[in-house]
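Numbering (the UniProt record's numbering), first residue to last: 1 to 282.
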C-alpha cells in the first residue's frame with residue numbers, strides 16, 4: 001500500500017490513538033480494575049480485534065508480525081528463562097541492599113493489585129488465575145500491536161533502529177493512562193503526574209526497545225512475549241517484605257532487571273548485526 005510506505009508513522013499514530021482512546025474510556029469510565037475483576041481487560045480484547053483488522057487492511061499475515069506458531073516452544077522457553085534470570089538478579093540485589101540497611105528481607109507470594117503509589121493491595125486466591133490469564137492477554141495484545149504491527153509498518157520506510165524507537169515511543173505513551181487518572185481523581189498534583197508520566201515513558205520505552213530487538217533477532221514475538229508475561233506476573237505475585245514494609249525497593253529491583261536485560265540483548269543484537277554485515281561483505 002503506497003500510503004503505508006510514504007506515511008507509516010502517521011498511520012501508526014492513528015492506530016495508536018484509536019487504541020488509546022478505548023483504553024482511556026475503560027480506565028477513566030468503566031474502571032474494571034477497581035472491581036473484583038481487578039483488571040481493565042476490555043481495551044485489550046478490542047486491541048486484538050483492531051490488530052486482526054489492521055493485518056487484513058495492510059495485507060499482513062500473523063507470521064509477518066511474529067506470530068509464527070511453528071516456532072513457538074523454544075522461543076517461549078527462552079523468553080521465560082530471560083525473565084527468570086534477570087529478575088533473579090533484580091530480587092537478589094534488592095535483598096542485598098535491604099540487608100545492608102540492617103533489615104531482614106523475606107519473600108511473600110501472593111496476588112496483588114495495581115497501585116500507582118506503591119500501596120499493596122492483597123487479592124483473594126482466585127486472583128492468581130486472573131493475573132495469569134489477563135497477563136497472557138495483555139502480552140499478546142501489546143506485543144502484537146507495538147512490536148509486531150508498529151515495527152513492521154515503520155520498517156516499510158525506516159530502518160529497524162528508527163522503527164524500534166518509534167514503536168518504543170508509542171509504547172511509553174501507552175502507559176501514561178494511569179497517571180492521568182490519578183491526576184483527574186485528585187490523587188496527585190499536576191507536577192507529580194507529569195513526573196510519573198515521564199517515568200512511565202522512559203521505563204516502558206526502554207523495555208520496548210529490548211522486546212523489539214528480540215523480535216528483530218528471532219523473527220518471532222514469542223521471546224519478548226514470554227518475557228513480557230513473566231515481567232508483569234512476577235511483579236504482581238512475588239514480594240519482598242521487611243518489618244518496615246513491602247516492596248520498598250521495587251523500583252530498584254525493576255530497574256536492575258530491566259537494565260541488565262537491555263544491556264545483554266543490545267550486545268547480542270549488535271554482535272549479530274556485525275556478523276551479518278561481515279558475511280554480506282564476503
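Quick reminder that beta carbons are idealized off the backbone N, C-alpha and C, glycines included.
A residue is called buried once 16 or more other Cβ atoms fall within 10 Å of its Cβ, and residue 272, having fewer, is exposed. Within 10 angstroms of the beta-carbon of residue 215 lie 16 or more other beta-carbons, which makes it buried. For residue 26, DSSP assigns no beta-bridge partner whatsoever. Burial is judged here by how many other beta carbons sit within 10 angstroms of a residue's own beta carbon; residue 139 has at least 16 and is buried.
In terms of Cβ geometry, residue 227 and residue 92 do not form a close pair [threshold 8 Å]. Distances from the alpha-carbon of residue 134 to those of 232, 253, 57 and 148 put 232 closest. DSSP places residue 242 inside the beta strand (DSSP E), whose first and last residues are 238-242.
The beta carbons of residue 223 and residue 79 sit closer together than 8 Å. Residue state for residue 39 is assigned as coil, using DSSP reduced to three classes. Between the region 190-197 and the region 42-57, the count of C-beta pairs closer than 8 Å stays below three; the two stretches do not touch. Note that the C-beta distance between residue 94 and residue 253 is below 8 Å. For residue 19, the closest alpha carbon among the candidates 142, 127, 156 and 278 is that of 142. In the three-state DSSP reduction, residue 208 falls in the helix class (H, G or I). For the pair of segments examined, the region 251-265 was found not to touch the region 157-177: the number of CB pairs separated by less than 8 Å stays below three. Judged by pairs of C-beta atoms under 8 Å, the region 239-246 does not touch the region 63-79, as fewer than three such pairs exist. Spatial neighbours of residue 23 in its own chain (CB-CB distance under 6 Å, excluding positions within 5 residues in sequence) are listed in chain order as 43 and 177.
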